[in-house]
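Going down the list, the protein sequences come from chains U and S.
For reference, each letter of the first sequence is one residue, going 167 to 406 in this note's numbering.
For reference, each letter of the second sequence is one residue, going 167 to 406 in this note's numbering.
Glycine included, C-beta positions come from ideal geometry on N, C-alpha and C.
Worksheet: one structure, shown below.
Number of protein chains: 2
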Amino acid sequence: MSNPTAAMLVIGDEILSGRTRDANMHYLAGQLTEVGIDLKEVRVVSDDRDAIIDAVKALSNSFDSVFTSGGIGPTHDDITADCIAAAFDTPIDVRDDARALLQAHYDRTDTELNEARLRMARIPEGAVLIDNPVSTAPGFSIGNVHVMAGVPSVFQAMVASVLPTLSGGAPLISQSMRIFRGEGDIAGPLGALAESHPDLSIGSYPFQIDGKFGAQIVIRGTDAANVNVAMTQLKAAFPE
Amino acid sequence: MSNPTAAMLVIGDEILSGRTRDANMHYLAGQLTEVGIDLKEVRVVSDDRDAIIDAVKALSNSFDSVFTSGGIGPTHDDITADCIAAAFDTPIDVRDDARALLQAHYDRTDTELNEARLRMARIPEGAVLIDNPVSTAPGFSIGNVHVMAGVPSVFQAMVASVLPTLSGGAPLISQSMRIFRGEGDIAGPLGALAESHPDLSIGSYPFQIDGKFGAQIVIRGTDAANVNVAMTQLKAAFPE
Chain U
167 MSNPTAAMLV IGDEILSGRT RDANMHYLAG QLTEVGIDLK EVRVVSDDRD AIIDAVKALS
227 NSFDSVFTSG GIGPTHDDIT ADCIAAAFDT PIDVRDDARA LLQAHYDRTD TELNEARLRM
287 ARIPEGAVLI DNPVSTAPGF SIGNVHVMAG VPSVFQAMVA SVLPTLSGGA PLISQSMRIF
347 RGEGDIAGPL GALAESHPDL SIGSYPFQID GKFGAQIVIR GTDAANVNVA MTQLKAAFPE
Chain S
167 MSNPTAAMLV IGDEILSGRT RDANMHYLAG QLTEVGIDLK EVRVVSDDRD AIIDAVKALS
227 NSFDSVFTSG GIGPTHDDIT ADCIAAAFDT PIDVRDDARA LLQAHYDRTD TELNEARLRM
287 ARIPEGAVLI DNPVSTAPGF SIGNVHVMAG VPSVFQAMVA SVLPTLSGGA PLISQSMRIF
347 RGEGDIAGPL GALAESHPDL SIGSYPFQID GKFGAQIVIR GTDAANVNVA MTQLKAAFPE
């Protein structure tokens with residue numbers, strides 16, 4: 167049985183312009199691997215309505231779940247919620263439950279819940295709110311899409327809220343070994359090993375340290391015994 | 167006139183599993199911005215034949231140029247070159263010019279050009295080689311797709327080889343300003359500013375430092391004078 171699949175959609179001009187380095191992809195990838203959900207694709211698109219809607223539709227149709235990050239703040243360039251509503255052909259407006267959360271938050275801090283902040287209570291009809299313990303303004307889940315903030319601390323808190331609601335598969339077990347030989351010397355035996363273990367994913371990640379070439383070989387699978395067998399065979403093929 | 171557009175395709179299970187943090191996207195984004203090419207989309211896909219072929223076709227049809235990273239080494243999981251050939255419906259085999267480069271390189275280092283290493287000379291018919299001053303094995307350009315290695319030092323050298331062959335647009339000028347107020351306070355005046363400067367891209371990137379909320383406002387455009395005017399107006403709206 168194969169694991170459930172997921173995709174991620176990162177929304178933000180600031181990443182595509184090189185101004186900001188995305189941190190959420192690496193975080194989500196690690197979290198999903200731990201619970202046995204296979205992240206199969208990530209897309210990064212700009213703050214462009216058509217680009218966001220097209221990507222949400224494509225990913226939502228192709229994978230079991232989709233996680234988005236970015237574009238749900240109060241400013242004019244935060245258009246994610248409206249685009250998700252459009253992708254699901256669902257009405258969107260300020261929703262009472264989200265407004266109440268924000269109202270209570272801003273009351274506590276003596277801040278006005280102005281028109282801009284109220285944008286953060288715009289939630290598509292039928293969506294379920296995602297708790298934001300960091301800064302209150304909620305994310306939301308609609309269909310198989312989970313819409314979260316781009317600020318890493320908030321994104322991580324929202325991932326923690328969402329993951330327990332998803333059923334994962336068998337967590338991926340991985341073992342790795344460094345071989346200080348050129349990939350060209352490793353490739354033959356490694357290919358044979360991969361062929362004899364079709365249930366495992368065997369990857370070779372070349373590196374260069376102080377002028378010495380080598381590769382990190384990673385063996386991944388859901389059956390720990392099989393991973394062990396393959397790793398033993400790898401070590402036998404490349405004794406240190 | 168709008169700038170030429172580009173997309174990037176990152177190929178690699180190691181990034182989607184969270185084992186490796188991609189570095190090439192951030193690098194390429196910065197380089198393209200400098201020469202006036204707009205990076206519009208990035209996709210990360212796994213070492214899966216159909217996923218790579220579909221993504222190459224989609225991006226190649228939608229954008230002026232496409233840059234790929236990863237999957238062109240000698241091991242069994244390096245399937246990028248064959249997938250690109252399939253996407254362009256072009257034959258692929260070991261090519262003499264690429265083989266000659268590798269042969270000379272391995273002769274110099276007294277290493278056998280074995281079957282695995284020869285895989286790196288598999289180049290689609292009609293493709294133009296991309297110079298690899300770091301480790302010799304070439305990348306290639308076919309149609310509007312530039313196929314490069316995933317190892318960051320090699321990727322960066324290949325980008326340096328390819329960029330001068332592309333015609334860029336007007337480089338993007340950007341100015342930014344930090345405002346230590348909540349985005350909800352900034353959003354109203356900022357939205358009005360964005361509306362009065364449809365030629366500029368005005369982004370708001372919230373942060374939280376030592377419990378203080380604020381946002382970095384970035385104004386981007388190809389006309390420096392317009393960027394200056396908008397920045398002056400922004401400063402007037404939010405005096406320090």
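Partners in chain S for residue i, counting only beta-carbon separations shorter than 7 Å
i: H312(U); result: Those do not exist, as H312(U) stays about 17 Å from chain S at its closest Cβ, beyond 7 Å.
Length of the line joining the Cα atoms of residue i and residue j
i: I383(S); j: P257(U); result: 30 Å
i: P409(U); j: P240(S); result: Residue 409(U) falls outside the range modelled here, since chain U spans only 167 to 406, and no answer is possible.
i: N280(U); j: R265(U); result: 11 Å
i: A323(S); j: L198(S); result: 14 Å
i: E207(U); j: L295(U); result: 25 Å
i: A251(U); j: P290(U); result: 5 Å
i: T186(S); j: H192(U); result: 8 Å
i: S455(S); j: Q399(U); result: Summary: the structure shown does not reach residue 455(S), with chain S confined to residues 167 through 406, and so no result is reported for it.
i: E278(U); j: I345(S); result: 18 Å
i: D365(U); j: D259(S); result: 29 Å
i: A287(U); j: V313(U); result: 13 Å
i: V300(S); j: Y272(S); result: 13 Å
i: D255(S); j: Q269(S); result: 28 Å
i: D376(S); j: V320(U); result: 15 Å
i: R347(S); j: E361(S); result: 21 Å
i: D216(S); j: R261(S); result: 24 Å
i: S359(S); j: I368(S); result: The residue asked about is misnamed: residue 359(S) is Leu in this sequence, not Ser. Each residue's Cα considered, the two are about 8 Å apart.
i: K401(S); j: D276(U); result: 25 Å
i: A282(U); j: G387(S); result: 25 Å
Other residues of its chain near residue i: CB distance less than 8 Å, five sequence neighbours each side excluded
i: D243(U); result: D179, D213, G237
Neighbour flag for residue i against chain U, beta carbons, 8 Å
i: R288(S); result: no
i: D179(S); result: yes
i: V317(S); result: yes
i: A195(S); result: yes
i: A266(S); result: no
i: S367(S); result: yes
i: L338(S); result: yes
Listed by chain order, chain U residues near residue i by CB distance under 9 Å
i: N280(S); result: G350, D351, A353, G354
i: R283(S); result: G348, E349, G350, D351, A353
Chain-order list of residues whose beta-carbon lies under 6 Å from that of residue i (same chain, five-residue window excluded)
i: G335(S); result: N169, P170, G202
i: D297(U); result: S327
i: A253(U); result: I219, V222, K223
Proximal residues of chain S, C-beta to C-beta of residue i below 9 Å
i: E207(U); result: L182, R209, V210, V211, S212, A217, A221
i: V384(U); result: D179, E180, S183, R185
i: T277(U); result: G348, G350, D351
Chain S contact for residue i (CB, 8 Å cutoff)
i: G334(U); result: no
i: P240(U); result: yes
i: L400(U); result: no
i: G357(U); result: yes
i: S370(U); result: yes
i: T171(U); result: no
i: A360(U); result: yes
i: T199(U); result: yes
Beta-carbon neighbours of residue i, restricted to chain U and to distances below 7 Å
i: H192(S); result: G184, R187
i: T388(S); result: Result: empty, since nearest Cβ-Cβ is about 13 Å, beyond 7 Å.
Cut-off 7 Å between Cβ atoms - residues of its own chain near residue i, not counting five sequence neighbours on either side
i: L267(U); result: T302, P304
i: Q341(U); result: I385, V393, M397
i: L409(U); result: As displayed, chain U neither begins before 167 nor continues past 406, which places residue 409(U) out of reach and without an answer.
i: N310(U); result: S226, D230, S231, V232
i: G292(U); result: T256, I308
Near the ligand NAP: residue i beta-carbon under 7 Å from a heavy atom
i: G309(S); result: The ligand NAP is not among the ligands present in this structure, which contains no ligands whatsoever.
Whole-number beta carbon distance between residue j and residue i, since they are thought to touch under 8 Å
i: A391(S); j: I352(S); result: About 24 Å separates the two Cβ atoms, so there is no contact after all.
i: A173(U); j: V232(U); result: 5 Å
i: G316(U); j: A195(S); result: About 16 Å; that fails the 8 Å criterion.
i: L205(U); j: L175(S); result: About 16 Å separates the two Cβ atoms, so there is no contact after all.
i: P318(S); j: A189(S); result: 5 Å
i: P372(S); j: E349(S); result: 5 Å
i: S228(S); j: I177(S); result: Their Cβ separation, rounded to whole angstroms, is 18 Å, which puts S228(S) and I177(S) out of contact at 8 Å.
Chain U contact residues for residue i, given Cβ-Cβ distances below 8 Å
i: D243(S); result: A360, I368, G369, S370
Any C-beta of chain B under 8 Å from that of residue i
i: V260(U); result: In the structure shown, chain B does not exist; the protein chains are U and S.
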